[in-house]
Structures are given as C-alpha cells and as structure tokens.
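**Student:**
Residue numbers (the working numbering): 34 to 239.
#1: For the region 158–168 against the region 97–105, do three or more pairs of beta-carbon atoms, one drawn from each stretch, fall closer than 8 Å, so that the two count as touching?
#2: Give every residue of the same chain whose Cβ lies closer than 8 Å to the Cβ of residue 172, excluding the five residues on either side of it in the sequence, and list them in chain order.
#3: Please say whether residue 141 and residue 5 have beta carbons closer to each other than 8 Å?
#4: Could you give the distance in angstroms between the alpha-carbon of residue 212 and the alpha-carbon of residue 218?
#5: Between which two residues does the alpha helix (DSSP H) containing residue 235 stretch?
#6: Report the option in 75, 131, 64 whose CA atom is closest to the CA atom of residue 183.
#7: Would you call the CB atoms of residue 80 and residue 88 closer than 8 Å?
#8: Mapping the DSSP letters down to three states, classify residue 108 as helix, strand or coil.
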C-alpha cells in the first residue's frame, strides 16, 4: 500500500504558444545555496537549460514546493499535429505545435530519500500510470535523474496542469467560487480518491 500526499488539478489544454519568460534564477524563491545535508539541495534550473540528454528544454518556472521545483518544458521528440501527439523526426513545421510538459525536479535531499527507499513518489506515480486514465489524476510520462551542484535530482515528467484551487478562487471577481463550481471540484476529488483507493494508495494531504 502506498501513501500519496497531494493531488493535482485537471490537465490544461494543449497550448498554441508559450512565451519564454525572463530567467527566474535571477531572483530565486528557493535557497539554492543550501545543501542536501541541510535538508535542501535545490537544482539551479533556468530558462533555456536542456534536460535528459537535450530532450526537454526548460521554458519557465511553474512553481515550487518544500522539496521540489516544477518547470514548463518543451519536448524535442514529440509534437502535436492536428491535436494528435506524434514523434518529431524533423524541425517543427508551421502546422505543428510543440509538446509541452511539466517537469518536477526533486531536491538532492529528497532524491537521496528516494534512493534510500524512504520517498515513494515515483513508485506511486508508476502505480497511478497503471490505472485507467482519468482527468482527476496526473500520470507519469517520463522520469530520469540529472546531476547538479548538490548531487543527483530525480525528475518526473507529467502533463501541464491548470492552476490550483486557491489561485482559481482568487481569480473570481468575488474571490469566491460558485456552488456549481464547488460541486464539480468535490466530485473530481472524490473520483481521484476512489481511483487511488482501488490501487491501495492512501492520500493523506487533505
């Protein structure tokens, strides 16, 4: 039985254009200088950096947590052609859209916990990948490790998701969500929990 600590939102629609933002590493949110031994060891990602032997190109930062940062990337191997995902064996043509994903980069400290069998996030994501696909749950597209100044970092590639509920609520004119919207959100959370429980995964972050 696995324990998962968070759920993610509904996958975002395929974007048509993604502007490259200024380099967020000029004013990083995370303490990049603190080491894995200090409980951190963040990876110094930046716009334009290539990951996984050049397959993924970082475009901009999506957010961060206590033990990871998440970045929007483009995939050099896949493109969308008429909304179908196909392998890219050539330069992107006008009628094609690059495939965009979110890459979650764990800190060196969290990666060591993964390597020691104390952090089971990758195993949980693999278990979810074996379930029937539902928009209420994320799924693992790819995973790899990359080296940084603090050590190794586990990277997990997932679909780009929409905003979190808190930001969604604050975007409303009244700063509140309407009752029909709340009902939809609750239904999606329950669908996700049912799917997780069927896979013997316990969610503890409610």
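Each residue gets a CB set at the ideal place from its N, CA and C atoms; glycine is no exception.
**Tutor:** Let me lay it out:
#1: Because the criterion of three Cβ pairs below 8 Å is not met, the region 158–168 and the region 97–105 do not touch.
#2: Sequence index remark: in the chain shown, residue 172 carries index 139 (1-based). Only 158, 161, 162, 166, 191, 192 meet the Cβ criterion.
#3: As shown, the chain starts at 34 and ends at 239. That puts residue 5 outside it, with no answer to give.
#4: As a working note, residue 212 is residue 179 in the chain shown. As a working note, residue 218 is residue 185 in the chain shown. Rounded to whole angstroms, residue 212 to residue 218 spans 10 Å at the Cα level.
#5: Position 202 of the chain shown, counted from the start, is the residue given in the question as residue 235. Note, residue 235: premise wrong, no alpha helix (DSSP H); beta strand (DSSP E) at 234–236.
#6: Position 150 of the chain shown, counted from the first residue, corresponds to residue 183. Ranking the options by Cα distance to residue 183, first place goes to 75.
#7: The sequence position of residue 80 within the chain shown is 47, counting from 1. The sequence position of residue 88 within the chain shown is 55, counting from 1. It is not a contact, given that the beta carbons lie outside the stated cut-off.
#8: Indexing the chain shown from 1 puts residue 108 at position 75. Strand at residue 108.
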